[in-house]
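Okay, structure first, notes after.
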């Protein structure tokens, strides 16, 4: 991801080469991602109004020059809440991706390196984990702990781990068979050195592409969990929370707050899917 | 030949359920708000009364004994008593599983008919429809179910007034009417996924050498498509459709919440927020069971469709 962004930033031939491979949708996706990251970092400072300060008289007011996207159920500025909500809506998924990639790749590496009993134990544990959908794990986590961002993040990380582990196990198994690994083993390098210095760097592009796709799913799932009340709790500004808070507006023909929060989720998810698929495709072309 | 494969699948299913039940039970056991606090409702209770309560709900036994008690009752359909309503958990689940079942079934029909139908159309006829489908499905696959629920409500319930927005309705006709928008909302992104998989597998099979050979030898196109293309493409299509439908079991919680349907998923969310642990355990167990059974069905379908599965032991 970062490689792509820096390539976009550096002018000249590189940009053209990159954008030709990304295509127009890919470039748009990168722009969306940059904007979303910028909002996640600077959103609370950019927000023109206090995202949690409402006024009962302003409830359900439509767009005006002061409030571009109107005001929500409690008269809070929708645009400000969207900007301020970008942080939790993006940071939660980022932690999910990092945690599940780390857990998944450690398990996959263990299974692919040791094979035999270790492999079958890890693989069958992953098979059992598949029976727990993310929403179910999050409901369990919310019942055990108190509902909040952390239980949701942990539940999703656990739910994503078997997908990551299954995919990377295959990749690592293929890589493990390559002659350079045997050569390094004969030279007496330890398993950890070979994995850290050679295996993981070689597999990194696949992991980055997979992480990009996962990030899209995680944005969607965190929004779903916050909508259900299993994630970030109101009145914190968050895209999923905004949808559930303002849902009553739909039946009163005032859907703008709900739609704008929902659209933020969809745009980021589509952008991440496009980017992830391009990165996977780019990886395939190289082979 | 079928038996070893199915037997193995069945044993895996049992193991999965056992581990799942253990995980579900121990998660609730570790919960800081012990069931005793919910029983007393925060009132201060004399130690004697507490001991009576503990004995009645068998909360003074060691962990494994409690797990065994719970599991042996659960197998017989006794999932304990809801702390919030004092009703049998199994009754509460039975009351609500009908709606969830109907909703998932309705959505599954939509997925099979529309998803596979669109995918076949696009796969067999490259051109404008195909391009439109790719664009539409990549957008639809990214729409969260709560957003599709809201947009559908806006269009068909608020603006056009064709269909009801909330509740489940009584009687068969009304029930179908009430469940139409929820089922579409639940199915939408899955329709997109299934359509894409169908299209891709048909394309792949249509490009294979034996299909090209059959066409070049003048075998009628219809026969080639049904006998060679669809027959082989059916394997990945069935598997991915089955897995997608199985995943709806959990997602139904979102749609039920959005449309105020009194189903299992919505009740799971409510109970986990109110820390009604016996209900959370019960519903989680039922959902995992449904999920695992559906996956078993997919495996059986796969074994029937793909003759290589039976020879698996030898070929491997």
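Chains as they are written, first to last, in the numbering used here: chain U, 350 to 636; chain Y, 483 to 798.
Every residue, glycine too, gets a C-beta built ideally from N, C-alpha and C.
Practice prompt. Establish whether the CB of residue 391 (chain U) and some CB of chain Y are separated by less than 7 Å.
Written response: no
Fill in: residue 556 (chain U): first and last residue of the uninterrupted alpha helix (DSSP H) it sits in
549-577
Practice prompt. Check distances from the C-beta atoms of the stretch 709-743 of chain Y to those of chain U and list, in chain order, the residues that come in under 8 Å.
Written response: 729, 731, 732, 733, 735, 736, 739 and 740
Worksheet item: Nearest-angstrom Cα distance between residue 531 (chain U) and residue 463 (chain U)?
Response: 14 Å
Item to complete: For chain U, find out if any of its Cβ atoms is closer than 7 Å to the Cβ of residue 626 (chain Y); answer yes or no.
Response: yes
Discussion item. Let me check understanding here. Comparing Cα to Cα, which of Y:612, Y:711, Y:543 and Y:738 lies closest to residue 579 (chain Y)?
Written reply: Y:738
Worksheet item: Between residue 734 (chain Y) and residue 566 (chain Y), is the Cβ-Cβ spacing less than 7 Å?
Response: no
Practice prompt. Using the Cα positions of residue 410 (chain U) and residue 597 (chain U), report the straight-line distance between them to the nearest angstrom.
Written response: 14 Å
Worksheet item: Taking only runs of the alpha helix (DSSP H) that begin and end inside the stretch 657-719 of chain Y, which ones reach a length of at least 4 residues, in chain order?
Response: 691-698 and 703-706
Worksheet item: Which class does residue 570 (chain Y) belong to by DSSP, given the choice of helix, strand or coil?
Response: strand
Discussion item. Would the stretch 654-673 of chain Y count as touching the stretch 612-632 of chain U if we require 3 or more Cβ pairs under 8 Å?
Written reply: no
Worksheet item: Taking DSSP as the reference, what is the three-state secondary structure of residue 563 (chain Y)?
Response: strand
Practice prompt. Classify residue 420 (chain U) as helix, strand or coil using the three-state DSSP reduction.
Written response: strand
Item to complete: Report yes or no: do three or more beta-carbon pairs, one from the stretch 562-572 of chain U and one from the stretch 580-595 of chain U, lie closer than 8 Å?
Response: yes
Worksheet item: With distances taken between CB atoms, is the gap from residue 668 (chain Y) to residue 589 (chain Y) smaller than 7 Å?
Response: yes
Discussion item. Is there a Cβ of chain U sitting closer than 7 Å to that of residue 629 (chain Y), yes or no?
Written reply: yes
Item to complete: Decide yes or no for the touch test of the stretch 609-620 of chain U against the stretch 477-484 of chain U: beta carbon pairs closer than 8 Å, at least 3 of them.
Response: no
Fill in: Interface positions of the stretch 585-598 of chain Y facing chain U (Cβ-Cβ less than 7 Å), listed along the chain
none
Worksheet item: Is the beta carbon of residue 432 (chain U) sitting closer than 7 Å to the one on residue 395 (chain U)?
Response: yes
Fill in: Beta carbon of residue 778 (chain Y) nearer than 7 Å to that of residue 495 (chain Y)
yes
Worksheet item: If the cut is a Cβ gap below 9 Å, which residues of chain Y does residue 582 (chain U) touch?
Response: Per Cβ cutoff of 9 Å: no residues; residue 582 (chain U) is ~10 Å from chain Y at best.
Worksheet item: Which residues share a DSSP beta bridge with residue 426 (chain U)?
Response: U:420
Practice prompt. Give the range of the alpha helix (DSSP H) segment to which residue 619 (chain Y) is assigned.
Written response: 610-622
Practice prompt. Thinking residue 761 (chain Y) and residue 571 (chain Y) are a contact (beta carbons under 8 Å), I'd like their distance in whole angstroms, please.
Written response: 5 Å
Worksheet item: What do you reckon, are the CB atoms on residue 498 (chain Y) and residue 746 (chain Y) nearer than 7 Å?
Response: no
Worksheet entry | Cβ of residue 673 (chain Y) within 7 Å of any chain U Cβ | no
Fill in: Identity of the residue in Y:621, Y:645 and Y:642 nearest residue 374 (chain U) by Cα
Y:621
Worksheet item: DSSP state of residue 581 (chain U), grouped into three classes?
Response: coil
Worksheet entry | Proximity of residue 557 (chain U) and residue 576 (chain U) at Cβ, strictly below 7 Å | no
Worksheet item: What in chain U is Cβ-close to residue 636 (chain Y), meaning under 7 Å?
Response: 599 and 604
Practice prompt. Thinking residue 724 (chain Y) and residue 776 (chain Y) are a contact (beta carbons under 8 Å), I'd like their distance in whole angstroms, please.
Written response: 7 Å
Worksheet item: Does the stretch 440-457 of chain U come close enough to the stretch 409-425 of chain U that 3 or more CB-CB pairs lie under 8 Å?
Response: no
Worksheet item: Count the other CB atoms within 10 Å of the CB of residue 535 (chain U); is the residue buried (16 or more) or exposed (fewer)?
Response: exposed
Practice prompt. Check whether the stretch 494-501 of chain U touches the stretch 511-529 of chain U, counting contact only when three or more Cβ pairs, one atom from each stretch, lie closer than 8 Å.
Written response: no
Item to complete: Show which residues of chain Y have a CB atom less than 7 Å away from the CB atom of residue 480 (chain U).
Response: 498, 502, 770, 773 and 774
Practice prompt. Determine the extent of the alpha helix (DSSP H) in which residue 632 (chain Y) is found, giving its start and end residues.
Written response: 627-634
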